[in-house]
Structures are given as C-alpha cells and as structure tokens.
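Note sheet for the following structure.
In the working numbering, the protein residues as written are -17 to 243.
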C-alpha cells in the first residue's frame, strides 16, 4: 500500500472513531443534563410501622379493706305513759328477786308499822328486793328516786329468789319508856284537876309525845322524864307516852286518871 492510501485509511479510521465518540457523547449528555437539571427527588424513607404487640392489660384486683362489723346497740325504748297516768316502775328481769304490791302500800324506814312511812309503792309494779328480815315478813326494796325502804309481806306477791336475799339489820327504834305513872289532885272546890307524870328515860330517843284521850297534848325533849298537866273535869282521862326518833316511834305506854267532878 502506498503512502497515500495509508493516509486516507488512517483518516477514515479517525473519522470513525470521532463519529463513535460523538455518538457516545450525544447519548450521555442528555442523561447527564437531565441528571443535573432535574430537581433531586428526596428519597423519603418508607417508615416501617413498628407493630407494638398488644399486651392484654391484666387489672390488678382491688382488695376491699376488711371492715370490722360495728356492734349494733339495741335502741333504748322509753316507755310512754298516757297523759295523767303515773309512770310505772319497769319490771325487772324475772330471775331477779322482786315483790309486786297487790295494793298501793306504804314503804317505810324499817320493817314494821312503827317505822315512819316515806313513800308508797304502786299496785302491779315490780320492785327489786335488796334485803329482808329473818322471818321474811318484811322486804327491803329499791323504790323510785333511789329510795331504800321496807314493805310488808302481807301486801305483796313475790317472784324470784326473794328468800335468798341477804338479811339486813333494821335501824333502831327508840326504846319504850318504863315506869310511866301519874299522880293527880282533884279539887272539887276550885274545880281543878292537876295530873303529874313521871317515867324512866328510854334509849335511842329524839323526844316524847304525850297524848290525852288520843289527842296529842305536847311534844317533849329527850332529857325530860316528867310533866304536869292541868286536866279538864268531868271525864275519865287516858294518857299515853310515846318515844320517837328519826326512824319511827316506840310502843305507847299509858296511864289512867278517874273523873274529877
């Protein structure tokens, strides 16, 4: 091959290479330009939802506090009486020693009619027995107003162990005045009657009552053991002397004076 043909051939090869390069650049440039001009699209990462496993909530059981039961107190029932009716003393337990008056009865300072009466007990009401005498003829009871007094067995009915109640020593009554005598002077001219009395001092005495024909004549002090009376005329006279103290009276002693005309 001569030089001329070689030159043409080399030129042809060069052109082919240039053409190929041009073709390559043409195809690459739009893509590059597109790459450069296009706004970059941010790649938003796909958020993978985290699935939280559902845990069944187990409720913690509430333990109710144990409350101790409150003792129930039985209500106090107040008995109401009809207007004008005296309130009856409530009946005590049947196992208690009691007496129930069968009539309105005096309740006294001691076991006997010689003792002063201080109140009375209502028919049909029960009273607690707090004492007795050995013969069980008188009962010491608790009366309304916290009063302790005595009632006779003949006026009550009994319930419960009344005969097992303790025997109580009765308060002392005054002694009976001894040697109660009189002397008198009947003056038929002056129409006067003078009567003098003497007696022996009694024990446990607060004083003396002197009665004439049943009526109180005079009250005398505990230290006196004599008295003079200007008596009336025209009748028989009976004088009685009675010692007394804070609990009651002693048995009366008497003396008689004949009629003075």
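Cβ atoms here follow ideal geometry from the backbone N, Cα and C, with glycine treated the same way.
Just so you know, these numbers come straight off a predicted model, no measurement behind them.
Rounded to whole angstroms, the separation of the alpha carbons of residue 186 and residue 230 is 11 Å.
A contact is defined here as three or more CB-CB pairs under 8 Å, and the region 143 to 160 meets this definition with respect to the region 220 to 228. For residue 136, the secondary structure class from DSSP, reduced to helix, strand or coil, is helix. With contacts defined by Cβ atoms closer than 8 Å, residue 242 and residue 199 do not form a contacting pair. With respect to residue 80, residue 108 sits close: the two C-beta atoms are nearer than 8 Å. Pairing residue 190 with residue 206 gives a Cβ-Cβ distance under 8 Å. In the three-state scheme derived from DSSP, where H, G and I count as helix and E and B as strand, residue 104 is classed as coil. A residue is called buried once 16 or more other Cβ atoms fall within 10 Å of its Cβ, and residue 211 is buried on that count.
When only Cα atoms are considered, residue 163 and residue 171 end up about 26 Å apart. Residue 140 and residue 128 have their C-alpha atoms roughly 21 Å apart. When the beta-carbon positions are compared, residue 161 and residue 184 stay at least 8 Å from each other.
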